[in-house]
Each structure stands twice: as structure tokens, then as C-alpha cells.
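Numbers 162 to 253, taken from the numbering used here, label the letters of the sequence shown in order.
Have a look at the structure below before the remarks.
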Amino acid sequence: MSFKRRKVLIIGSGFTRATTAYMIAEKELADVVLVDIPDMEKPTQGNALDMLEASPVMRFDAGVKVIADYKDTEDSELVSITIDVAVGGFST
Numbered sequence: 162m163s164f165k166r167r168k169v170l171i172i173g174s175g176f177t178r179a180t181t182a183y184m185i186a187e188k189e190l191a192d193v194v195l196v197d198i199p200d201m202e203k204p205t206q207g208n209a210l211d212m213l214e215a216s217p218v219m220r221f222d223a224g225v226k227v228i229a230d231y232k233d234t235e236d237s238e239l240v241s242i243t244i245d246v247a248v249g250g251f252s253t
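Structure (C-alpha cells):
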């Protein structure tokens with residue numbers, strides 16, 4: 162019998178999504194995959210690095226990685242998308 166870790170895809174890496182990703186990793190619910198628009202690649206990688214560096218201190222073992230190709234998301238068990246809404250209406 163073989164076990165594999167679950168994989169959760171988080172689309173976007175803003176405050177809500179980064180917090181969601183951290184909580185999933187901290188509770189070892191799944192490995193976390195972060196993806197965002199190209200302009201956000203460096204901040205997204207920074208969020209992933211923060212989570213990985215917190216893991217030995219907070220005593221959790223979960224993988225966190227950043228991807229740029231949606232092909233790598235095909236076996237995700239859960240996808241989280243949070244849409245930003247500006248005050249007074251939808252942002253575009």
C-alpha cells in the first residue's frame with residue numbers, strides 16, 4: 162500500500178491566501194502549492210520560503226512550493242481561489 166501526501170493549490174499569494182496556505186501547512190493537512198501572476202512571483206516565493214523556514218520552529222512537516230505552470234496542478238485535491246473586492250465594488 163502506498164500513501165502520498167495530499168496537495169492543495171492556492172491561487173494567489175496575498176494576505177488571505179498566504180495565511181490560508183500557512184495554516185494548511187502548519188496543521189500538516191497537505192503539501193501546499195502556490196501560484197500567482199508573474200508580477201507576484203518574487204513575493205510568492207518569499208511567502209513560501211517564510212513557511213518553510215517556520216516549519217522547524219513551529220514543528221510541522223509540509224511541503225510548500227511555488228509553480229508557474231498550471232500543468233503541475235493537475236493532481237491537486239483542493240483548489241483555493243480568493244477574489245479581491247475593492248471597497249464599494251469589485252476590483253478589475
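Every residue, glycine too, gets a C-beta built ideally from N, C-alpha and C.
As the structure is a computational prediction, the values presented were derived from the model and not from experiment.
When the Cβ atoms of the segment 184 to 199 are set against those of the segment 216 to 227, are three or more pairs found closer than 8 Å? At 8 Å Cβ cutoff, the stretches touch.
Measure the C-alpha to C-alpha separation of N208 and G175 and round it to an integer number of angstroms. Rounded to the nearest whole angstrom, the CA to CA distance from N208 to G175 is 9 Å.
Run through DSSP, which three-state label would K168 get? In this structure, K168 counts as strand in the three-state DSSP scheme.
Just verifying my parser: in three-state terms, what is the DSSP assignment at L239? Per DSSP, reduced to three states, the secondary structure at L239 is strand.
Which term fits R166, buried or exposed, when burial requires 16 or more other beta carbons within 10 angstroms of its beta carbon? That one is exposed.
Entirely enclosed alpha helix (DSSP H) segments - the segment 186 to 235, minimum 4 residues: Every alpha helix (DSSP H) stretch that sits fully inside the segment 186 to 235 and reaches 4 residues is listed by chain position as 202 to 219.
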